[in-house]
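Heads up, the sequence shown is in the UniProt record's numbering, so the first residue is 1 and it goes up one at a time.
Written out below as structure tokens is the structure these notes cover.
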Amino acid sequence: MAASIPEKSSVNEETQMQDVEKQSDISTEPTTALDPNLIGWDEPEDKDPANPQNWSSGKKWLNVGILSFITFLTPLASSMFAPGVPIVLEEFGSTSSTDATFVVSIFVLGFGIGPLIFGPLSEIYGRLPVYHICNLFFILFTVLCGVAQNMDTLLAVRFFAGCFGVAVITCGGGSIADMMPPQERGGAMAIWSVGPILGPVIGPVTGGFLIDALGWRWVFWLLTILSGTITVIAFVGLSETYAPVLLARKAARLRKETGNTELQSNLATDQSKKAVFATAIVRPMKLLVCCPIVTLMAVYISIAYGLLYILFTTFTFVFDDVYNFGPSTAGLSFLGAGIGSLAGMFYVGVLSDRHLKKIIASGRKPTPEDRLPLFLTVPGSLSLPAGLFIYGWSTNYAVHWIVPEIGTAVTGYGMMVLVMCIQVYLVDAFSIHAASVIAANAVLRSVLGALLPLCALDMYEKLGLGWGNSLLAFIAVALAPVPWIFGWWGERLRTNPKYQLNL
């Protein structure tokens, strides 16, 4: 994982611990190698305009903005027609409680499959081809959702829409790591991270009114229009950011201009494309299974995400039964979680980078664990169960609807803080393979986000809203110390030679 050829060539002369420290260095920019046939960034590296980290602020934020809108749009599709699920079930003649939740959450199950393919592909062929191809297929399957004539077809095309829609969610963190230095990364990750949380919240709000006015199929026509528009903008405005691909193109151009066939990127590998693909395609699962940091963080955030999706997939039914909300007003029940998520985004986005800049100003080199300070992780970890307790018992006793909304806002705040802290931590710890580590995290998170809600309505029926949500809150309490522990002792585990992987 070393970032330059001089480091690679001297690896046999260094100790294993030094090699481990290089692998976990949050700076992974390539440097120009001593061998004149190895091509890197022009010297000085911090001035080379071809290096994405040296792009103008305008160009960087244009790319972040486009990626952020797509990461908002695809999760929006996951739940936008949730308020219309009872209408869909009636139209297709289904009375299954499993269908009622699965038709929403199967989209998220697709989120669990796509990262295994698109994350590694982005580290072979670059981010841009993956984005463009997946955006086009997402549009196709969204259209097919709109014309579905039975529940089986709707479930199938929703699954594939999720598979292709997850590309930017999987690779966007890698693109941000490509462009942004660590001390500026938190704010960009905050904007990008809000989509997967806020999309499923805003979707039902707008979807409820749209379904009331035009019917549930118009949800997919609106998504097609929005996704088609941003896809055109992406073709024009997005730029490739992945350093190995950019340097490979530079080497190819110089070979053509100079006639020197020996020129190659200093990040090039001697492996064939087939071998590179075989290595890359198993990398997310290798990280998930064999790297304790990725495993434990993924388990934690996945369970938290699953708990949140239990709420998202049942809001319509709970607020209909308890407060007699119709399709449009049931959509408004998602606003509490949205407001809380925005609060969490601003809290982490501002304080995380400010904390890192203070460390740099003090003369200490920051580590990935500096992304997990207690003033961020403690409020996030405790807000998640606190909100679940408030929501559960207030709905159980039919307290005024504003009280459960406050509960969902607290839960949304905690969820956003946790997602952002953990994702930025993993990106900083595995910068050169950021897309793969985000993919590993997304796989388990999406699977649990899709499957846990399947038992939600049955759980509420047997335990009630009070004890049912309390059970979820107790699980969140038990997991709360996980990010605190990694903030204290994560570096020891991360730099332990026993857990280093050949990625």
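For glycine and all other residues, C-beta sits at the position ideal for the given N, C-alpha and C.
These numbers come from a predicted model, not from an experiment.
Quiz item: What distance in whole Å lies between the Cβ atoms of Gly195 and Pro75, which are believed to be in contact at a cut-off of 8 angstroms?
Solution: 6 angstroms
Quiz item: Just how far apart, CA to CA, sit Thr408 and Glu45?
Solution: 47 angstroms
Exercise. Since I believe Gly487 is in contact with Gly412 (beta carbons under 8 angstroms), could you give me their beta-carbon distance rounded to a whole number of angstroms?
Key: Not confirmed; about 22 angstroms, so no contact.
Quiz prompt | Nearest-angstrom Cβ-Cβ length linking Thr313 and Pro404, presumed shorter than 8 angstroms | solution = That belief does not hold up - the Cβ atoms of Thr313 and Pro404 are roughly 16 angstroms apart, past 8 angstroms.
Practice problem: Under 7 angstroms Cβ to Cβ from Phe141, same chain only, skipping five residues before and after it: list those, please. | Solution: Val157, Phe160, Ala161 and Phe164
Practice problem: State the DSSP-derived secondary structure class of Gln264, mapped to helix, strand or coil. | Solution: strand
Quiz item: In its own chain, which residues sit with a C-beta less than 8 angstroms from the C-beta of Leu451, not counting the 5 before and 5 after it?
Solution: Excluding residues within five positions, the ones whose Cβ falls inside 8 angstroms are Ser105, Leu109 and Gly306.
Quiz prompt | CB of Val166 within 7 angstroms of CB of Phe81, strictly | solution = Taking 7 angstroms as the cut-off, the beta carbon of Val166 is found no closer than this to the beta carbon of Phe81.
Quiz prompt | Segment limits, alpha helix (DSSP H) that includes Pro75 | solution = Ser57 to Ser79
Quiz prompt | Cβ pair Val130, Leu116 closer than 7 angstroms | solution = Taking 7 angstroms as the Cβ cut-off, Val130 and Leu116 do not qualify as a contacting pair.
Quiz item: Mapping DSSP to helix, strand and coil, what is Ser24?
Solution: Reliability fails at Ser24, whose pLDDT of 38 lies under 50, so the model's placement of it is uncertain and the value that follows must be treated cautiously. Coil at Ser24, not helix or strand.
Exercise. Grab the span of the alpha helix (DSSP H) containing Lys357 for me, first residue to last.
Key: It spans Leu335 to Ala361 - the alpha helix (DSSP H) in which Lys357 sits, taken as one unbroken run.
Quiz prompt | Coil, strand or helix - Leu38 by DSSP | solution = strand
Quiz item: Whose C-beta lies closer than 8 angstroms to the C-beta of Ala50 among residues of the same chain, with five residues either side of it excluded?
Solution: Hits under 8 angstroms: Trp41, Asp42, Leu246 and Lys250.
Quiz item: For Asn135, which option in Thr170, Gln149, Met151 and Glu123 has the closest C-alpha, if you only look at C-alpha atoms?
Solution: Here the closest residue by C-alpha is Thr170.
Self-check item: Pairwise C-alpha distance: Ile390 and Phe346
Solution: 23 angstroms
Quiz item: Closest by CA to Gly146, which one among Leu356, Val88, Val318 and Tyr125?
Solution: When Leu356, Val88, Val318 and Tyr125 are compared, the shortest CA-CA separation from Gly146 is found for Val88.
Quiz item: Can you give the Cα-Cα distance for Ser239 and Trp61, rounded to whole angstroms?
Solution: 11 angstroms
Quiz item: How would you label residue 525, buried or exposed, when you count the other beta carbons within 10 angstroms and need 16 or more for buried?
Solution: Nothing in the structure corresponds to residue 525, since the chain is present only between 1 and 503.
Quiz item: Any contact of the stretch 424–441 with the stretch 205–218, i.e. 3+ C-beta pairs under 8 angstroms?
Solution: no
Quiz prompt | Bounding residues of the alpha helix (DSSP H) (the contiguous stretch that carries Leu222) | solution = Arg217 to Gly237
Exercise. Return the CA-CA distance between Ala361 and Ile230, expressed in angstroms with no decimal places.
Key: 39 angstroms
Exercise. Answer yes or no: do Ala386 and Val410 have a C-beta to C-beta separation smaller than 7 angstroms?
Key: In this structure, Val410 lies closer than 7 angstroms to Ala386 by Cβ.
Practice problem: Please go through the same chain and pick out, in chain order, the residues whose beta-carbon is closer than 6 angstroms to the beta-carbon of Val427, but skip the five residues on each side of it. | Solution: Around Val427: Gly173, Ala177 and Ala434.
Quiz item: Ala439 by DSSP, collapsed to three states: which one?
Solution: helix
Exercise. Using beta-carbon positions only, say whether Thr241 and Met179 come within less than 7 angstroms of one another.
Key: Contact flag set, yes.
Quiz item: In terms of alpha-carbon separation, which member of Thr71, Phe102, Ser383 and Trp55 lies closest to Ile310?
Solution: Minimum Cα distance to Ile310 is reached at Phe102.
Quiz item: Do the stretch 412–423 and the stretch 365–382 touch if we need at least three Cβ pairs shorter than 8 angstroms?
Solution: yes
Exercise. Please go through the same chain and pick out, in chain order, the residues whose beta-carbon is closer than 8 angstroms to the beta-carbon of Val85, but skip the five residues on each side of it.
Key: Taken in chain order, the residues that qualify are Ala100, Val103, Val104 and Thr316.
Quiz item: Is Val168 helix, strand or coil when you go by DSSP?
Solution: For Val168, the secondary structure class from DSSP, reduced to helix, strand or coil, is helix.
Exercise. Could you work out which residue in Ile402, Arg445 and Lys357 is closest to Gln423 when comparing CA atoms only?
Key: Arg445
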